[in-house]
């Protein structure tokens, strides 16, 4: 069974640098359903800009809670 969640994230470039530099390994977010989830910060790398990371995302986990896919929503 696949679980999927939507969430909004807003990280400045400096906040993401903390993850990138190893200051934190996982990102913790609150989903639209109100659940708190975590996933590897490296999964956000494709969306980092000079302004950081901002937007709505969809995340999917497998039955073992392993990240399958992270996509940015438009």
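Residue numbers (the numbering used here): 69 to 142. Every residue gets a Cβ at the ideal spot worked out from N, C-alpha and C, and that includes glycine. None of these values were measured; they are calculated from a predicted model.
- Here DSSP, grouped into helix, strand and coil, assigns residue 100 to coil.
- Boundaries of the beta strand (DSSP E) harbouring residue 122: 121-129, taken from the DSSP string.
- Remark: C-beta atoms of residue 140 and residue 120 do not approach each other more closely than 8 Å.
- For the 8 Å CB-CB criterion, residue 76 and residue 95 do not form a contact.
- Following the DSSP letters along the chain, one finds residue 140 inside the beta strand (DSSP E) bounded by residues 135-140.
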